[in-house]
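S.K.: In numbering that gives the first Met the number 0, the protein residues as written are 0 to 94. By construction, the Cβ of each residue, glycine as well, lies at the ideal position given by its N, Cα and C atoms. The model shown is predicted, which means the values in this text are computed figures rather than measured ones.
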Amino acid sequence: MPELDLGLPVSEKMAQLLLTRLPRTAIARALNTAHRFTGPEALAAGIADEILSADELLAATIAHSAVMATKSRETIATHKLMLYGTTIHSLTEGN
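1) Could you tell me whether the stretch 55-65 touches the stretch 23-43, where touching means 3 or more Cβ pairs closer than 8 Å?
2) CB alanine 53 to CB alanine 47, shorter than 8 Å?
3) Spell out a yes or no on whether the stretch 80-88 and the stretch 6-26 are touching, meaning 3 or more CB-CB pairs, one atom from each, closer than 8 Å.
4) Taking 8 Å as the threshold (C-beta atoms), are leucine 3 and alanine 33 in contact?
5) Helix, strand or coil for serine 89 per DSSP?
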């Protein structure tokens with residue numbers, strides 16, 4: 000995260016978002032050292048789900064989209080609300 004190099008702390012809302020989505024050790028490394036993760040490092044740290052080459056990306060995205068199109072949108076929305084609802088509410092509060 001370049002904020003450290005710029006001398007700018009992340010906002011509390013950004014920290015909440017990071018804590019919702021990323022492993023705490025990866026966040027600490029990024030925030031406290033300004034480390035920029037490579038693809039393999041991001042995968043090992045739990046930041047990324049998989050690594051694809053540019054040539055593989057479009058086909059993988061289309062395949063993933065085809066699978067997700069068969070899933071219940073309402074159920075996915077419910078799951079996302081359970082997982083991230085508190086963070087979403089705090090990020091949109093006052094907006």
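M.R.: Walking through what the data contain:
1) no
2) no
3) yes
4) yes
5) helix
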